[in-house]
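Contents: one structure, followed by commentary.
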Amino acid sequence: LLRAVNIHSIFNDSKTFVDMPMKQDPKHVLDEFNKRFPQMTAERIERDDLIAFLNEFFSPPGTELEDCELSDWQPYPPDLMAISDKTLRKFALDLNQIWKMLCRKVKPDLKNSDRHSLIYVPNEFVVPGGRFREYYYWDAYWIIKGLLACGMNVTTKSMLENLASVVDRYGFVPNGGRVYYLERSQPPFLSSMVYEYFEKTHDIDFLRDILPALAKEFHFWQTNRTVSVIGLNQSNYTVYRYRTNSNVPRPESYREDITVAKQLPAEARALLYQNIASSAESGWDFSTRWFADGETLASVQTTSIVPVDLNAIMCLNMDLLKYFYRTVGNFSESKKYNRMKNDFMYAMQYVFYNDTHGAWFDYNIETLKHNTKFYASIALPLFGDCYQLLNMAKSERIYKFMSKSGVFDYPSGVPTSLIDSGQQWDFPNGWSPLNHMIIEGLRKSLNPEMQEQAFKLAQKWVHGNYKVFEATGHMWEKYDVIGTVPKPGVGGEYSVQPGFGWSNGAILDLLVTYRHRMKLLDDSQESTTTTKSTAIPHPSLLIYLTTTMAVFFVQQRYALIC
Numbered sequence: 003l004l005r006a007v008n009i010h011s012i013f014n015d016s017k018t019f020v021d022m023p024m025k026q027d028p029k030h031v032l033d034e035f036n037k038r039f040p041q042m043t044a045e046r047i048e049r050d051d052l053i054a055f056l057n058e059f060f061s062p063p064g065t066e067l068e069d070c071e072l073s074d075w076q077p078y079p080p081d082l083m084a085i086s087d088k089t090l091r092k093f094a095l096d097l098n099q100i101w102k103m104l105c106r107k108v109k110p111d112l113k114n115s116d117r118h119s120l121i122y123v124p125n126e127f128v129v130p131g132g133r134f135r136e137y138y139y140w141d142a143y144w145i146i147k148g149l150l151a152c153g154m155n156v157t158t159k160s161m162l163e164n165l166a167s168v169v170d171r172y173g174f175v176p177n178g179g180r181v182y183y184l185e186r187s188q189p190p191f192l193s194s195m196v197y198e199y200f201e202k203t204h205d206i207d208f209l210r211d212i213l214p215a216l217a218k219e220f221h222f223w224q225t226n227r228t229v230s231v232i233g234l235n236q237s238n239y240t241v242y243r244y245r246t247n248s249n250v251p252r253p254e255s256y257r258e259d260i261t262v263a264k265q266l267p268a269e270a271r272a273l274l275y276q277n278i279a280s281s282a283e284s285g286w287d288f289s290t291r292w293f294a295d296g297e298t299l300a301s302v303q304t305t306s307i308v309p310v311d312l313n314a315i316m317c318l319n320m321d322l323l324k325y326f327y328r329t330v331g332n333f334s335e336s337k338k339y340n341r342m343k344n345d346f347m348y349a350m351q352y353v354f355y356n357d358t359h360g361a362w363f364d365y366n367i368e369t370l371k372h373n374t375k376f377y378a379s380i381a382l383p384l385f386g387d388c389y390q391l392l393n394m395a396k397s398e399r400i401y402k403f404m405s406k407s408g409v410f411d412y413p414s415g416v417p418t419s420l421i422d423s424g425q426q427w428d429f430p431n432g433w434s435p436l437n438h439m440i441i442e443g444l445r446k447s448l449n450p451e452m453q454e455q456a457f458k459l460a461q462k463w464v465h466g467n468y469k470v471f472e473a474t475g476h477m478w479e480k481y482d483v484i485g486t487v488p489k490p491g492v493g494g495e496y497s498v499q500p501g502f503g504w505s506n507g508a509i510l511d512l513l514v515t516y517r518h519r520m521k522l523l524d525d526s527q528e529s530t531t532t533t534k535s536t537a538i539p540h541p542s543l544l545i546y547l548t549t550t551m552a553v554f555f556v557q558q559r560y561a562l563i564c
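First residue of the sequence shown? That's 3 in this note's numbering, and the numbers climb one at a time after it.
Here is the structure:
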């Protein structure tokens, strides 16, 4: 049935069919399908007959969900009202209104039903928007950042409880809230979400309750997504990669996957499907970052790559678990994760760091080489603060690498890569999560120039998003960053989607972070936000300052743990 629907292109979007709830039990629907189309190949089924069958036995997608009210929503959140610039304050309040349109809840009578593809969760949640009708894993981090900026602590807690319930059931957080996502996850940001909530609320009872789920998810990645790699110092390191168990077409992108597979011999297709699904697990579906030939999806080799961003996120998770366990008084577990992180920073140094280029890069376990092209993922060690404390000059070197690459010079933000491939996670698209993490990584540095670049990039990203919002009336999942007049992004397997959860959340967080300083640029000011200088403080001064600060932080961390 799935093949027939896709072979005949019944819907423009492959995801439509797998989101449609059944009107009767699955066995009855399948029996009826086999009765009406006995021993027929998908190609022999008449298209009109298939459409009639779908209309009889399936309901439209999304009807298994209901709109909901956000109990803690308020029209004028205090943090948004504190934004100095009047136009940006109104922009923030307009985005706050969108949360109400994105609230969903699974209908209660579907809890024990098998007539739909949803993964049941008990509480309401905020969806990304557009074709993304259900909750998604890494999207939720930026959605939560935005909800917290709007004072919506109750909704945030409800979403975290949903995700924890899924971890309790499956051992990890799937890509999204559908059963067809159960073979893959997404970048593991659950601990970061809990951190943001806890820092806002100091809800230690909730932290204590959810901590087993965080440890359980961490164990999933340790057990199922690691590989041993020999570092530049000839030592063995256990590092993380995206590697799903699926070796069949993705149900929600079935037609697209089998089309790509036709380019390969039959015996190579299972590995292709695994690499495609693993790319989807990365969140970057798709990018030349994963392609062996640097050009075509048919050459995708995601399982052969240990990604610098995933490993930086896992390093951050170690640090967060250390902090959480210390906070609840479990000092033995806290010390365990502290040792784990300290050891893992050597992997970041000897597996991912390229001293010639002065940056962290993905490492290919087949070619034993770094991919030294620019991808926005290389900034993740800054965001996760995952580099050796006594060698913090590396953060300045990667900033210089990015500056020389010209990625700070575009009018509306940092592009995902510098390769114009037609893939959505490549040039000229900029994405909210990547730009937000780059900004945060630069902002948290000890270097004043990097901090200033963070503000300038935040100003450009907000300005570009605002211009598109004014022109279209929507926020979008991705943006073309190269035009003087920005517009929604391009490329990928589906049309660009409005909504949009993580774009709204990133903007709201940036507006609150820079509430007293950020102003809406006029056209004459816009060009001044581009900085081409890559000047770095004198090395001797830098070494003295970073070493002094590093020793201080080490002493403070050791004192807190002990």
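Cβ coordinates follow ideal geometry from the N, Cα and C atoms, glycine included.
As a beta-bridge residue in DSSP terms, Ser419 pairs with Tyr377.
Taking all protein chains shown into account, Val487 has fewer than 16 neighbouring C-beta atoms within 10 Å of its C-beta and is therefore exposed. Taken atom to atom, the span from the alpha-carbon of Gly178 to that of Leu150 is near 22 Å.
In the DSSP assignment, Leu67 falls within the unbroken beta strand (DSSP E) covering 67-69. Gly131 is positioned such that its CB atom lies no closer than 9 Å to that of Pro79.
Using a Cβ distance threshold of 9 Å, Lys458 and Phe410 count as a contacting pair. In this structure, Gly415 and Trp463 form a Cβ contact; the two beta carbons are roughly 5 Å apart against a cut-off of 8 Å.
A residue is called buried when at least 16 other Cβ atoms come within 10 angstroms of its Cβ; Gly408 does not meet this threshold and is exposed.
Put simply, of Ala6, Thr18, Arg5, Phe59 the residue whose alpha carbon is nearest the alpha carbon of Pro28 is Phe59. With fewer than 16 neighbouring CB atoms inside 10 Å of its own CB, Arg341 falls in the exposed class. When beta bridges are read from the DSSP output, Val470 appears opposite no residue. Proximity of the segment 347-360 to the segment 413-429 falls short of the contact definition, fewer than three beta-carbon pairs being nearer than 8 Å. Secondary structure note for Asp170: its alpha helix (DSSP H) is the uninterrupted segment 155-172. A residue is called buried when at least 16 other Cβ atoms come within 10 angstroms of its Cβ; Phe93 meets this threshold and is buried.
For the pair Met520 and Leu510, the CB atoms are not nearer than the 9 Å cut-off. Spanning the alpha carbons of Asn235 and Tyr355 requires a straight line of approximately 12 Å. For Arg133, the three-state secondary structure derived from DSSP is coil. Three or more beta-carbon pairs drawn from the segment 273-293 and the segment 303-316 are found closer than 8 Å, and the two stretches are therefore classed as touching.
Pairwise C-beta distances place the segment 104-118 in contact with the segment 10-28, as three or more of them are shorter than 8 Å.
When the beta-carbon positions are compared, Glu66 and Val108 come within less than 9 Å of each other. Around the C-beta of Thr225, fewer than 16 other C-beta atoms lie within 10 Å, and the residue is accordingly described as exposed. Gln276 is positioned such that its CB atom lies closer than 9 Å to that of Thr246. In this structure, Ser255 sits near Ser16, with a CB-CB distance shorter than 9 Å. Take the alpha-carbon of Gln303 and the one of Tyr182: they are about 22 Å apart. For the segment 274-337, the full-length alpha helix (DSSP H) segments reaching 4 residues or more read 310-329 along the chain. Minimum Cα-Cα distance from Arg106 among the listed residues Gly64, Gly432, Asp81 corresponds to Gly64. If you draw a straight line from the Cα of Ile260 to the Cα of Glu68, it comes to about 33 Å. Distance from the CA atom of Tyr468 to the CA atom of Ala300, rounded to whole angstroms, is 37 Å. For Lys37, the uninterrupted alpha helix (DSSP H) run begins and ends at 28-38, by DSSP.
For the segment 83-119, the full-length beta strand (DSSP E) segments reaching 3 residues or more read 105-108 along the chain. Check the Cα spacing between Tyr122 and each of Leu165, Asn319, Gly148, His221: the tightest is with Leu165. Taking a cut-off of 8 Å on C-beta distances, the segment 434-445 does not touch the segment 83-100, as fewer than three cross pairs fall below it. About 19 Å separates the CB atoms of His465 and Trp144; that is not less than 8 Å, and the two are not in contact. By the neighbour-count definition (other C-beta atoms within 10 Å, threshold 16), Pro450 is an exposed residue.
Straight-line spacing of the CA atoms in Val498 and Ser237 works out to 44 Å. Counting the other Cβ atoms within 10 Å of the Cβ of Arg517 gives 16 or more, which makes it buried.
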